[in-house]
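When we follow full-length UniProt numbering, the leftmost residue of the sequence shown carries the number 1, and every step to the right adds one.
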Amino acid sequence: MTEKPLSHQTIDELYQNEDKARKNFIYQIVIILFIIGISIFVTSEKGFGFYTFFPVLFSYSLLSSYTRLKNIRDEIKSRIIHLKGYSK
C-alpha cells in the first residue's frame with residue numbers, strides 16, 4: 001500500500017503521520033544508542049573490528065526517518081501559515 005504524497009493529505013492525516021514518524025524516530029534513536037553501547041563494549045574488550053563500525057550501517061535509517069519527520073512538519077507549517085494568511 002503506497003502512501004499519498006504529503007501535499008494530498010488532509011491536516012488530520014498529516015498530524016497522524018507526524019505522530020507515527022516521531023515515535024519511529026525516537027524508537028530508532030534508542031536502538032542506535034543501544035547498538036553504540038554494544039559496539040563500545042565490544043571494541044573495548046576485543047579491539048577494533050566489524051562491530052566498531054556497525055552503528056554506521058544503521059545511521060542511514062535514522063537519517064531518513066529524521067528527514068521524513070522534518071518534511072511532514074514543514075508541510076504542516078506551510079498549511080498553517082497558508083490558513084493564517086486567508087483569515088486576515
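Glycine is no exception: its CB is placed at the ideal position from the N, C-alpha and C atoms.
Contact between the region 15 to 24 and the region 69 to 79: three or more CB pairs below 8 Å?
The region 15 to 24 makes contact with the region 69 to 79, as at least three CB pairs between them are under 8 Å.
What span of residues does the alpha helix (DSSP H) with Tyr27 cover, start to end?
Locating residue 27 in the sequence shown gives position 27, counting from the first residue. Tyr27 -> alpha helix (DSSP H) spans 11 to 46.
What distance in whole Å lies between the Cβ atoms of Ile76 and Leu14, which are believed to be in contact at a cut-off of 8 Å?
Residue mapping note: residue 14 aligns to position 14 of the sequence shown, counting from 1. Residue mapping note: residue 76 aligns to position 76 of the sequence shown, counting from 1. Distance from Leu14 to Ile76 at the Cβ level is roughly 5 Å; contact confirmed, criterion being Cβ atoms closer than 8 Å.
Around the Cβ of Pro5, are there at least 16 other Cβ atoms within 10 angstroms (buried) or fewer (exposed)?
Counting from one through the sequence shown, the residue named residue 5 turns up at place 5. So Pro5 ends up on the exposed side.
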